[in-house]
Amino acid sequence: MSKFGRSIRIFLADGSPTGLRHVEIANWSGQALACPRSRFSELTDWEESKRPGVYFLFENSAGDNNTAYIGESEDVFKRLADHDRKKDFWNEVIIFTSKDENLTKGHIKYLEARLVEISKNADRYQLENSNTPTKSSLPRADAAAMEEFVDNIRLTLGSLSHRILESVSSSSNMTKPEVKADSLIDYDFSFKVNKVIANGRVTDDGFLLLKNSQIAFKSSPSMPGKI
1 MSKFGRSIRI
11 FLADGSPTGL
21 RHVEIANWSG
31 QALACPRSRF
41 SELTDWEESK
51 RPGVYFLFEN
61 SAGDNNTAYI
71 GESEDVFKRL
81 ADHDRKKDFW
91 NEVIIFTSKD
101 ENLTKGHIKY
111 LEARLVEISK
121 NADRYQLENS
131 NTPTKSSLPR
141 ADAAAMEEFV
151 DNIRLTLGSL
161 SHRILESVSS
171 SSNMTKPEVK
181 ADSLIDYDFS
191 FKVNKVIANG
201 RVTDDGFLLL
211 KNSQIAFKSS
221 PSMPGKI
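Going by UniProt numbering, the residue at position 39 of the sequence shown is 39; the numbering climbs one at a time, nothing skipped.
Put into structure tokens, the structure is as follows:
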């Protein structure tokens with residue numbers, strides 16, 4: 001969670017919230033294009049999709065078993081056209097390129113490796129990547145710039161309902177905003193009933209039960225019905 005507010009602009013190409021969307025963050029040189037597979041052909045009119053960048057293929061299922069693939073290309077649209085012929089699982093793509101066209105092959109290889117690494121650690125999606133990409137060696141300043149790019153990708157994906165780069169407890173582990181009002185997210189909770197001991201915290205996803213907590217096999221009659 002950031003210490004300050006952020007401004008995200010989402011342009012709905014045809015006015016539909018589920019159609020092709022162009023996403024920008026204020027004062028960021030990057031940009032995103034989100035597109036359902038059923039409208040993939042429309043990307044051919046967007047030059048933003050034909051630049052060097054990284055992309056996510058998503059399978060949005062009704063349950064919790066979501067699947068994704070992360071890749072990079074010096075011409076993202078051309079690579080996606082190949083995936084459209086050869087990969088069946090996906091039904092949405094989100095592309096990240098640069099407005100100033102300053103992303104090099106080394107940059108996008110670095111981004112791909114970091115995004116795969118973070119996604120695996122977050123463990124929210126099943127990754128279809130069969131190989132672990134190698135992170136390219138960048139000058140220190142370039143690597144720092146790419147880490148900032150990764151943070152903005154994380155924010156953009158979250159705003160598009162894909163928290164693939166966020167661990168389950170990330171919202172409570174990250175720096176909290178400086179606000180005067182108390183929030184439940186500011187506290188950890190400990191419960192001890194009979195011989196059952198449990199610890200947890202409130203996150204943006206709900207209540208997170210922490211590791212090594214204990215649970216009772218039978219619920220108490222006093223348990224609220226909404227739990």
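Just so it is clear, CB atoms sit at the ideal spot from N, CA and C, and this is done for glycine as well.
Just the Cα atoms here: how many angstroms apart are residue i and residue j?
i: A198; j: G158; result: 30 Å
i: T104; j: V54; result: 11 Å
i: N194; j: L208; result: 21 Å
i: L155; j: V196; result: 38 Å
i: P133; j: F89; result: 21 Å
i: D100; j: D142; result: 15 Å
i: E42; j: A144; result: 34 Å
i: T97; j: S49; result: 7 Å
Are the beta-carbon atoms belonging to residue i and residue j less than 8 Å from one another?
i: R114; j: V150; result: yes
i: A122; j: E166; result: yes
i: E13; j: I95; result: Rather than Glu, the amino acid found at residue 13 in this sequence is Ala. No.
i: E128; j: A34; result: no
i: K109; j: S136; result: yes
i: Y125; j: N212; result: no
Given residue i, which residues of its chain have a CB within under 6 Å of its CB, disregarding the five upstream and five downstream residues?
i: L210; result: N199 and G200
i: I10; result: R21 and V23
Less than 7 Å between the CB of residue i and some heavy atom of the ligand PLP, yes or no?
i: F40; result: By its list of ligands, the structure shown contains no ligand whatsoever, and the ligand PLP lies outside what it can speak to.
Skipping 5 residues on each side, what residues in its chain have a beta carbon closer than 8 Å to that of residue i?
i: N102; result: S29
i: F119; result: According to the sequence provided, residue 119 is Ser. The question's Phe does not apply to it. Closer than 8 Å at Cβ, skipping near neighbours: A68, I70, Y125, L127, I164 and L165.
Say whether the segment 26–39 touches the segment 64–73, bearing in mind that this needs 3 or more beta-carbon pairs closer than 8 Å, one atom from each stretch. no
Could you tell me which whole alpha helix (DSSP H) segments of length 4 or greater appear in the segment 92–145? 105–122
For the segment 10–71, which segments carrying the beta strand (DSSP E) assignment without a break, of at least 3 residues, lie completely within its bounds, in sequence order? Runs of beta strand (DSSP E) with 3 or more residues, each lying fully within the segment 10–71, are found at 21–25, 30–36 and 53–59, listed in chain order.
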